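J.: One structure follows; several queries about it will come next.
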Amino acid sequence: TTPAVPPALPSVQRDVNPMSPPAYSPASSPPTPPPPPPPPSGPPPPYSATEPPRRPLPSHAEREEAPPTYTAVDFDPRSLTQGQIDELTHKMAGPITRLLRTELRLERERIGKLRDPRR
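Encoded structure:
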């Protein structure tokens, strides 16, 4: 047996008359919205004279003076006392802990596991 070949469909040419109305027009077509109003032409209205004039902000160079020059400091971290090391450790532990917790929470949000299974 040979595979069945579908018969070729005849080509159809339709006459289109540009002067004739369309054959189908929907009865309940939604109305087209009106075009937006044109932008206002001419200069804007004058500003009120009662408004206080603004002072221009000083530039970055005017606001700040030149930074102080670098002065070498004789600092030896080995000379810190145990109390100074403890104080420094406590000052750094809080911000580092907050950053780590934030990173871990963001990672749990990213993978979709917001709950801690240990709790």
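The opening residue of the sequence shown carries number 33 in our numbering; numbering runs sequentially from there.
From the three backbone atoms N, C-alpha and C, an ideal C-beta is built for every residue, glycine too.
Everything numeric in this text was worked out from a predicted model, so none of it was measured.
For L131, does the three-state DSSP call read helix, strand or coil?
T.: Locating residue 131 in the sequence shown gives position 99, where the first residue counts as 1. Helix.
J.: Let me know the secondary structure DSSP gives T121 once reduced to three states.
T.: Numbered from 1 along the sequence shown, position 89 holds the residue referred to as residue 121. Note: T121 maps to helix in three-state DSSP.
J.: Taking 9 Å as the threshold (C-beta atoms), are L120 and L131 in contact?
T.: Position 99 of the sequence shown holds residue 131. Position 88 of the sequence shown holds residue 120. No; because the gap between Cβ atoms is not below 9 Å, this pair is not in contact.
J.: What three-state label does DSSP hand S111 in the structure shown?
T.: Your numbering for residue 111 matches position 79 in the sequence shown. Reduced to three states, the DSSP call for S111 is helix.
J.: Tell me the DSSP secondary structure of G74 in three-state form.
T.: Walking along the sequence shown from the start, residue 74 turns up at place 42. Three-state DSSP puts G74 in coil, outside helix and strand.
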